[in-house]
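Protein chains: 2
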Amino acid sequence: MDVMQELLDYKKIADPKINEFFDDKIKEIEDPNNFYSKLTYFLKEYTGRGGKRIRPALVYQGHRLFADGSNLDEDYIKELIILSIATELKQAYYLAHDDYIDKSDERRGGPSMHKMLEAWYMTQDGISTEDAIHQGKSMAILAGDLANTFAENIIFKSTLPKDKKYAVLERLNNTDISTLHGQVLDVHSGITPEMSTEEELLNIHLLKSAVYTVESPLLIGAELAGANKEQLEILSEYALLVGKAFQVHDDNLGLFGDEEKLGKPADSDLKEGKKTLLIIKALEKAEALERNVIYYCLGNQDIDSDMIEDVRDIVRSTGSLDYSVNLAKNLISESKEYLNQLEDVNPKAKEFLLAFADYMVARKY
Amino acid sequence: MDVMQELLDYKKIADPKINEFFDDKIKEIEDPNNFYSKLTYFLKEYTGRGGKRIRPALVYQGHRLFADGSNLDEDYIKELIILSIATELKQAYYLAHDDYIDKSDERRGGPSMHKMLEAWYMTQDGISTEDAIHQGKSMAILAGDLANTFAENIIFKSTLPKDKKYAVLERLNNTDISTLHGQVLDVHSGITPEMSTEEELLNIHLLKSAVYTVESPLLIGAELAGANKEQLEILSEYALLVGKAFQVHDDNLGLFGDEEKLGKPADSDLKEGKKTLLIIKALEKAEALERNVIYYCLGNQDIDSDMIEDVRDIVRSTGSLDYSVNLAKNLISESKEYLNQLEDVNPKAKEFLLAFADYMVARKY
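Chains as they are written, first to last, in the numbering used here: chain V, 15 to 379; chain Y, 15 to 379.
See the structure below:
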């Protein structure tokens, strides 16, 4: 099972649907020269740029797990694919606001939303640099809000039955509550001097990432295909474990990843002051001098590459990197045990999800 | 018909429901000491503070217009009231983001959301002033996002039939698209040197204010009560005219209103650089020297009260204030003609809405 190829195949059919949705939205605007039209275009570029479309692909695979694809007509599958891109628009919403909050300048190998809009305002006559910066941020907030609204609009526009659409909308609403809950805890912990415990951190990963990245898309698909309550519960267990492992691995990449493949610097987590498991465990095991190095670098925008390398050395030598890598692997093993409890499901979808779990902690970006 | 008394009466039954909703949300949180719990509490205080609950009251009156209240059981009315507060939470969402964008420090006689959160972070040990300011803004964005999510959550939690709830959710989604469309145009026009035309400005008022303040709440209520398509169209015409007049009047208050009653300074529109109808018309009619005074003051944070009084004098002497006041009155007259086309509706609700139209351009705050 080549997970990357499967994801790439789905991306090829999902991306044109994303473009079509935005093109329709732009066509609806009476005055094509106004800034709302331009902002919608910026959002189209931002959403379409890079990204692996993991969430839409999981909607599809969650559905496939419980539906025998051979009975489904083409129109239904088309509607399912369109609906799946709602999860990608939700992702654009979270990222636009998140990058403003984290002061991140880059995203998916290009500028983040507020930086992209700031750069545009910089080119306009009669607008000061200070105003262009604030305007970039303001429009990024609104672009995020718009992406969120569009995500739900995709569901309303779908030709699927209303009761099915209602279930998807309710799932998305509960997903948002969880994601915002996690995001608020995460952003707050980034500014306070206290360290989170491992348990608190994994709870944030669960709320902030696992639910919207893995659980919600899979369950949306599975519910649409008519999975029963017990099946949904097992799938949820699998999904949350994979999602937590994904976030632990993501934090590992955030310090040890390949910058070119990531599309962003591999020191930004450290400079932002993110209290990842790598940092928490290293602080637990390190000696006083090493702890000082970490505290000095954490949240310090001015550290050079030598300092960053010092922090990496401490994270390695204390065994913190191994701890974090092993934790992610163990979560994945556990997740697969849950998935294997599901019988009488589509073997191809099951095979994909088993391989997907491994992929989520093996990916380089 | 005493509109203010009717609004006050509705506020008295709606406000406890707002508090109950938030208290339930806070109770659901496992760790009552975490910051998500605190942020939800901040949002409760912010939503409950001041405000006339116009939008929830309009949901109720829109429903009453087409439903004979005497047949309705108490539980149904209770559900309708709970559902109506979704519109108030949407308002909190818009205001939290809007005040960040407009750099407004005050709202409803207290600090705006980002200022309130900034002040809290200022009291915390080990957090720099710069970090507290950014943290205040970041949390205000998330508080707005949360209010939006909670607004929809109220609908999902309602015991009303699913098809009714689906209709409300779809109406809210279309409302958000309109509001964001208008907000994007408005925020963009605030930074560009060009003046909008009267037509462009009224279009922004329609998209940004009239739809979510008057049309959407009324139609939500009317649809729930089973109004037919033709009735909804007439009600929509009434609502959009009242909504536009409301915003024109709001801009008039923004320069000529009573600061104490408004709960915010009556020069903030000018200092923010808002291109209101007052400004657009004054620039059209004023002489070169007077135009210079307006251009100097517009968007200038450092002007003193003498300069503001000079601008007020120009707006009066050019007839721009009269023009704006008359336009609002004419929109209201037209709105009432539409409402009078509705026959066989509840006379008390109709009487309220006729008086409400007048109230919206007579209110002092």
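Quick reminder that beta carbons are idealized off the backbone N, C-alpha and C, glycines included.
If you're wondering where the values come from, they're calculated on a predicted model, not measured in any experiment.
Please name the residue or residues paired with residue i in a DSSP beta bridge.
{"i": "Y/ARG326", "result": "Partner(s): none; Y/ARG326 has no beta bridge."}
{"i": "Y/ARG121", "result": "Y/GLY124"}
Please classify residue i as buried or exposed, where buried requires at least 16 other C-beta atoms within 10 Å of its C-beta.
{"i": "V/LYS222", "result": "buried"}
{"i": "Y/PRO231", "result": "buried"}
{"i": "V/SER51", "result": "buried"}
{"i": "Y/MET15", "result": "exposed"}
{"i": "V/MET130", "result": "buried"}
{"i": "V/TYR352", "result": "buried"}
{"i": "Y/TYR252", "result": "buried"}
{"i": "V/GLN105", "result": "buried"}
{"i": "Y/LYS151", "result": "buried"}
{"i": "V/THR290", "result": "buried"}
{"i": "V/SER331", "result": "exposed"}
{"i": "Y/ARG123", "result": "Note on identity: in this sequence residue 123 of chain Y is Gly, with Arg being the wrong assignment. Y/GLY123 is exposed by the Cβ-count criterion."}
{"i": "V/GLY271", "result": "buried"}
{"i": "Y/THR211", "result": "exposed"}
{"i": "Y/LYS26", "result": "exposed"}
{"i": "V/LYS378", "result": "exposed"}
{"i": "V/PRO46", "result": "exposed"}
{"i": "Y/LEU341", "result": "buried"}
{"i": "V/PRO125", "result": "buried"}
{"i": "Y/SER118", "result": "buried"}
{"i": "V/SER349", "result": "buried"}
{"i": "Y/THR143", "result": "exposed"}
{"i": "V/GLY64", "result": "exposed"}
{"i": "V/LEU254", "result": "buried"}
{"i": "V/SER250", "result": "buried"}
{"i": "Y/ALA371", "result": "buried"}
Does the separation of the CB atoms of residue i and residue j fall below 8 Å?
{"i": "V/LEU103", "j": "V/PHE164", "result": "yes"}
{"i": "V/LEU345", "j": "V/ALA259", "result": "yes"}
{"i": "V/ALA224", "j": "V/ALA161", "result": "no"}
{"i": "Y/MET374", "j": "Y/VAL182", "result": "no"}
{"i": "V/ALA157", "j": "V/MET127", "result": "yes"}
{"i": "V/ALA300", "j": "V/ILE294", "result": "no"}
{"i": "V/GLY235", "j": "V/GLY76", "result": "yes"}
{"i": "Y/GLN261", "j": "Y/HIS202", "result": "no"}
{"i": "V/ILE9", "j": "Y/ILE141", "result": "The displayed coordinates of chain V run from 15 to 379. Any statement about residue 9 of chain V would go beyond what the structure contains."}
{"i": "V/VAL17", "j": "V/ALA363", "result": "no"}
{"i": "Y/ILE168", "j": "Y/ILE91", "result": "no"}
{"i": "Y/PHE36", "j": "Y/LEU22", "result": "no"}
{"i": "V/ILE96", "j": "V/SER172", "result": "yes"}
{"i": "Y/LEU356", "j": "Y/VAL228", "result": "no"}
{"i": "V/TYR114", "j": "Y/ILE155", "result": "yes"}
{"i": "V/TYR108", "j": "V/PRO70", "result": "no"}
{"i": "V/ASP29", "j": "V/GLY62", "result": "yes"}
{"i": "V/ILE40", "j": "V/TYR55", "result": "yes"}
{"i": "Y/ASN266", "j": "Y/LEU292", "result": "yes"}
{"i": "Y/ILE10", "j": "Y/ASP264", "result": "Past the edges of chain Y, shown from 15 to 379, lies residue 10 of chain Y, and the structure says nothing about it."}
{"i": "V/PHE366", "j": "V/GLU34", "result": "no"}
{"i": "V/LEU269", "j": "V/VAL198", "result": "no"}
{"i": "V/ALA146", "j": "V/GLU166", "result": "no"}
{"i": "V/PHE170", "j": "Y/GLU184", "result": "yes"}
{"i": "V/LEU297", "j": "V/MET153", "result": "no"}
{"i": "Y/ARG78", "j": "Y/ASN354", "result": "no"}
Between residue i and chain C, is any beta-carbon pair separated by less than 8 Å?
{"i": "V/HIS111", "result": "The question asks about chain C, but that chain is absent: this structure's protein chains are V and Y."}
(request) Take every Cβ of the segment 175-187 of chain V, pair it with every Cβ of the segment 235-252 of chain Y, and state whether three or more of those distances are shorter than 8 Å. (result) no
(request) Would you list, in chain order, the members of the segment 194-205 of chain Y that have their beta-carbon closer than 9 Å to a beta-carbon of chain V? (result) LEU194, HIS195, GLY196, GLN197, VAL198, LEU199, VAL201, HIS202, SER203, GLY204 and ILE205
(message) Counting only Cβ-Cβ distances shorter than 9 Å, please list the residues of the segment 151-170 of chain Y near chain V, keeping chain order.
(response) LYS151, SER152, MET153, ILE155, LEU156, ALA157, GLY158, ASP159, LEU160, ASN162, THR163, PHE164, GLU166, ASN167, ILE169 and PHE170
(message) Give me the subset of the segment 173-186 of chain Y whose CB atoms are less than 8 Å from a CB atom of chain V, sorted by chain position.
(response) Of all residues in the segment 173-186 of chain Y, LYS176, ASP177, LYS179, TYR180, LEU183 and GLU184 have a Cβ within less than 8 Å of some Cβ in chain V.
(request) Determine contact between the segment 304-320 of chain Y and the segment 335-345 of chain Y, defined as no fewer than three beta-carbon pairs at a distance below 8 Å. (result) no
(request) With 8 Å as the C-beta to C-beta threshold (strictly closer), list the residues of the segment 47-79 of chain Y near chain V in chain order. (result) Closer than 8 Å at the C-beta level to chain V, one finds these residues of the segment 47-79 of chain Y: ASN48, PHE49, TYR50 and LEU53.
(message) Short of 8 Å Cβ to Cβ, which residues in the segment 319-330 of chain Y face chain V?
(response) none
(request) Pull out every residue of the segment 207-235 of chain Y whose Cβ sits closer than 8 Å to any Cβ of chain V, in chain order. (result) PRO207
(request) Could you please tell me which residues of the segment 114-148 of chain Y, in chain order, have their CB closer than 9 Å to any CB of chain V? (result) TYR114, ILE115, ASP116, LYS117, TYR135, GLN138, ASP139, GLY140, ILE141, ASP145, ALA146 and HIS148
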